[in-house]
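Number of protein chains: 2
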Amino acid sequence: MSQPLQYNELRRDPILGRWIIVDTTRPRLPESVLRKDYQDEITEPQNCPFCPGNEKLTPHEIMAQRQPGTAPDSPGWSVRVFPSIHPLLRIEGEPERAAVEMYDMHLGVGAHEVIVETPEHNLQLCSLPDEQVESVLWTYRDRILDLHKDHRLRYVLIFKNKGYAAGATISHSHSQLIATPVTPRTVRQELEGSRKYFNFNNRERCVWCDMIKTELDLEQRIVLVTKNIIAFCPYSSRFPFETWVLPLNHSHDFTHLGKTEATDLASVLKNILGRMNRALNNSPYNFVIHTAPNLASRSGHWTTIAGDFHWHFEIIPRLTRVMGFEWGTGFYVNPTPPEMAAGILRNA
Amino acid sequence: MSQPLQYNELRRDPILGRWIIVDTTRPRLPESVLRKDYQDEITEPQNCPFCPGNEKLTPHEIMAQRQPGTAPDSPGWSVRVFPSIHPLLRIEGEPERAAVEMYDMHLGVGAHEVIVETPEHNLQLCSLPDEQVESVLWTYRDRILDLHKDHRLRYVLIFKNKGYAAGATISHSHSQLIATPVTPRTVRQELEGSRKYFNFNNRERCVWCDMIKTELDLEQRIVLVTKNIIAFCPYSSRFPFETWVLPLNHSHDFTHLGKTEATDLASVLKNILGRMNRALNNSPYNFVIHTAPNLASRSGHWTTIAGDFHWHFEIIPRLTRVMGFEWGTGFYVNPTPPEMAAGILRNA
Chain A
289 MSQPLQYNEL RRDPILGRWI IVDTTRPRLP ESVLRKDYQD EITEPQNCPF CPGNEKLTPH
349 EIMAQRQPGT APDSPGWSVR VFPSIHPLLR IEGEPERAAV EMYDMHLGVG AHEVIVETPE
409 HNLQLCSLPD EQVESVLWTY RDRILDLHKD HRLRYVLIFK NKGYAAGATI SHSHSQLIAT
469 PVTPRTVRQE LEGSRKYFNF NNRERCVWCD MIKTELDLEQ RIVLVTKNII AFCPYSSRFP
529 FETWVLPLNH SHDFTHLGKT EATDLASVLK NILGRMNRAL NNSPYNFVIH TAPNLASRSG
589 HWTTIAGDFH WHFEIIPRLT RVMGFEWGTG FYVNPTPPEM AAGILRNA
Chain B
289 MSQPLQYNEL RRDPILGRWI IVDTTRPRLP ESVLRKDYQD EITEPQNCPF CPGNEKLTPH
349 EIMAQRQPGT APDSPGWSVR VFPSIHPLLR IEGEPERAAV EMYDMHLGVG AHEVIVETPE
409 HNLQLCSLPD EQVESVLWTY RDRILDLHKD HRLRYVLIFK NKGYAAGATI SHSHSQLIAT
469 PVTPRTVRQE LEGSRKYFNF NNRERCVWCD MIKTELDLEQ RIVLVTKNII AFCPYSSRFP
529 FETWVLPLNH SHDFTHLGKT EATDLASVLK NILGRMNRAL NNSPYNFVIH TAPNLASRSG
589 HWTTIAGDFH WHFEIIPRLT RVMGFEWGTG FYVNPTPPEM AAGILRNA
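These protein sequence lines map, in sequence, to chains A and B.
In terms of the working numbering, the first sequence is residues 289 to 636.
In terms of the working numbering, the second sequence is residues 289 to 636.
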């Protein structure tokens, strides 16, 4: 008889409405958290589960860009996607939501996938050929579109942790995807904030489009502009060298990406990450894509967001420590003004 | 002729309404951020500006608990408060708020103070005599009450960074205070969330009081209960071993602290920090006090919060790294369920 599936718990804060994933299936004792033995970074190719030839070390692949005639879970791929070996959320099962005493709990149903960006163990994302980066972007799009068919899932988040300090446990270049059965709080607040601005302006102006126009007028915070894409350090950057990358033409949904835009985005992303590496001595970074939620799910009250939201990448180099003040208030201190950061990145 | 005062800038995110302090007076280049030369931890007593005899290394003291007959800015104190030598916000000047293109800016007026908790260079807060910890608590209260007389200031945040990884730059035991001319976003959301629950329940039940009752019923997440104070690991803890400390009797304002409650709180705080040290190998931590905003300021729309808010300490050991997923969503992953964490702390 097979073991019943074990799920983590999604728990909601009764005051802030913030969701937390509590790892009830692999709970860690302080010794393990302190010794960090579950989070040593794997850097040697022979032990690397993301290297070609080691496909058996990962769960079965979900999709891959691969050479014709090569079999799944074997070499021959250029981008490969599979479920995380320790998934925070599982795709199987019904999303069960229940009261636990006065609290709100949701069974950890969702998805947690790994997107290996290249078969080359030692190449960073910013050193890949442009077409390879574009291939990674199309893979992001394909995975979001596929998971949006699943009505249980309300949001698909693509993110990348580069470097140990940024949360990576394996050095081989990869991104991750987490699909959640609830809309994450920051995303919801961003959607709500964008809509408020839109409504205030007679439902005619997108706050992101207005920001792009302002930045183009002022120039001082722009890092790079191409025909389709803009990269700038936002006026109220939380972190030194925080950089946002957006399409110049209004679009609320990353999956609507067109071919010329994708080519442009790949080259801008590569360019920005390269500049950060040079200016910031290869420092660790995170990026996340913020895009429209799954409109087919119960978060259907967002179906009219086409006009008010604007997809974007947020890239955050991990240079500073976050102090108690910042956890306690959501009020960040940024030691490097974005005008200065943008100037340094432009010259890097 | 004296130099005109220089202010940092408070900048508001146009989408989320989050305020950022941008350090425009001492902007840091990447070399400085990377080399961390402005943030080396000072650990030697002879260089320590917080040690008795070195008072001249700090700005003039604002207040001190001192032996009768000793002069300000000289030894003889047990707790000493002075402005930060690099204040993020300055007490002088009018709070100027202005539009900068489409953005919202506020001159960096406010307060940033240091509270040295003991003259002993090598004693941690959890190793001080109970009366000394109580003395620190009364100092917190006195500083909040004093700053609340200033109608420009909307919120006074007391916090502590212990250990380099938690943001401390000097090892000598101290806390900090930042008073802001705007209500910080997390605090505002907590006040709003508490009020929503209160209103939903016929304006009769405080969410924090209900949480206390639930935790007392269930017992599993409680670390310690005394006559006046409870300490528990919250149901939706963001971080392993996150612990909240609250008064059992409803009170929205930390400055209403009574004598017996203060004695009890001092001993609970000391006890919890000691347990964390033992269970977590002296790991760095932060704590913050969440209390009512300045009701005399323009944030007067909170004047009726007496029923719905409940002051508390949030203590956060700094064990885990925060990954891109978490910055991108406000959706935290906690590897140690709070039920397990509470059990470990109870036995430590």
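Idealized CB from N, CA, C, for every residue including glycine.
Exposed unless 16 or more other CB atoms sit within 10 angstroms - verdict on residue i
| i | result |
| --- | --- |
| Asn570 (chain B) | exposed |
| Asn410 (chain A) | exposed |
| Glu401 (chain B) | buried |
| Phe601 (chain A) | buried |
| Thr617 (chain A) | buried |
| Asn559 (chain B) | buried |
| Thr358 (chain A) | exposed |
| Val424 (chain B) | buried |
| Lys515 (chain A) | exposed |
| Lys344 (chain A) | exposed |
| Asp505 (chain A) | exposed |
| Ala387 (chain B) | exposed |
| His374 (chain A) | exposed |
| Gly639 (chain B) | Given a span of 289 to 636 for chain B in the structure shown, any question on residue 639 (chain B) remains unanswerable. |
| Pro356 (chain A) | exposed |
| Gln477 (chain A) | buried |
One or two residues paired with residue i in a DSSP bridge
| i | result |
| --- | --- |
| Met351 (chain A) | A:Val369 |
| Gln334 (chain A) | Answer is none; Gln334 (chain A) lacks a bridge partner. |
| Arg314 (chain B) | Arg314 (chain B) is not bridged to any residue. |
| Pro535 (chain A) | A:Ile517 |
| Lys448 (chain B) | B:Phe575 |
| Arg378 (chain A) | A:Val397 |
| Ile308 (chain B) | A:Tyr620, B:Arg299 |
| Tyr443 (chain A) | A:Thr468 |
| Leu512 (chain B) | B:Ala519 |
| Val402 (chain A) | A:Phe370, A:Gln464 |
Reduced DSSP secondary structure (H/G/I, E/B, other) of residue i
| i | result |
| --- | --- |
| Tyr326 (chain A) | Residue placement at Tyr326 (chain A) cannot be trusted, given a pLDDT of 41 that sits under 50; the coordinates are not used to answer. |
| Met628 (chain B) | helix |
| Met289 (chain A) | The pLDDT assigned to Met289 (chain A) is 43, lower than 50, so where the model puts this residue is not dependable; a value taken from the coordinates is nonetheless given after this. Coil, per DSSP. |
| Ile575 (chain B) | One detail in the question is off: residue 575 (chain B) reads as Phe in this sequence, not Ile. Three-state DSSP puts Phe575 (chain B) in a strand. |
| Gln464 (chain A) | strand |
| Ala453 (chain A) | helix |
| Asp392 (chain A) | strand |
| Ile500 (chain B) | helix |
| Leu583 (chain A) | coil |
| Leu345 (chain A) | helix |
| Gln294 (chain B) | coil |
Per-residue contacts from residue i into chain A (C-beta, under 8 angstroms)
| i | result |
| --- | --- |
| Gln412 (chain B) | The contacting residues do not exist; Gln412 (chain B) stays about 16 angstroms from chain A at best. |
| Pro315 (chain B) | Pro623, Thr624, Pro625, Met628 |
Beta strand (DSSP E) segment containing residue i, residue limits
| i | result |
| --- | --- |
| Glu602 (chain B) | 600-605 |
| Tyr620 (chain B) | 620-622 |
| Arg300 (chain A) | 297-300 |
| Ala636 (chain A) | Counting along the chain, Ala636 (chain A) falls outside any beta strand (DSSP E), and DSSP gives it neither H nor E. |
| Ala567 (chain A) | Looking at the DSSP string, Ala567 (chain A) is not in any beta strand (DSSP E); the run it does join, the alpha helix (DSSP H), is 547-567. |
Interface residues of chain A facing residue i [CB-CB closer than 7 angstroms]
| i | result |
| --- | --- |
| Gln477 (chain B) | Leu304 |
| Thr502 (chain B) | Glu389, Met390 |
Continuous alpha helix (DSSP H) stretch holding residue i: start and end
| i | result |
| --- | --- |
| Asn487 (chain A) | 473-488 |
| Arg385 (chain A) | It is not in any alpha helix (DSSP H) - Arg385 (chain A) instead sits in the beta strand (DSSP E) that spans 385-388. |
| Gln420 (chain A) | 418-436 |
Neighbouring residues, chain B, relative to residue i (Cβ below 8 angstroms)
| i | result |
| --- | --- |
| Asp311 (chain A) | Val621, Asn622, Pro623, Thr624, Pro625 |
| Arg639 (chain A) | Because chain A here runs from 289 to 636, residue 639 (chain A) falls outside it and cannot be looked at. |
Under 9 angstroms from the C-beta of residue i: neighbouring residues of chain B
| i | result |
| --- | --- |
| Ser525 (chain A) | Arg299, Ile308, Val310 |
| Tyr485 (chain A) | Pro302, Ile303 |
Proximal residues of chain B, C-beta to C-beta of residue i below 7 angstroms
| i | result |
| --- | --- |
| Asp498 (chain A) | Met390 |
| Ser482 (chain A) | Ile303 |
| Val397 (chain A) | The premise fails here: Val397 (chain A) is roughly 15 angstroms from chain B at the closest Cβ pair, so nothing lies under 7 angstroms. |
Contacts that residue i makes with chain A (C-beta to C-beta distance below 9 angstroms)
| i | result |
| --- | --- |
| Trp429 (chain B) | Note on residue identity: the sequence assigns Arg, not Trp, to residue 429 (chain B). Here the premise fails: no neighbours, minimum Cβ distance about 18 angstroms. |
| Val495 (chain B) | Pro302, Ile303, Met390 |
Distance cut-off 7 angstroms: residue i Cβ against heavy atoms of the ligand HEM
| i | result |
| --- | --- |
| Tyr523 (chain A) | The ligand content of the structure shown is nil, which means the ligand HEM is not present either. |
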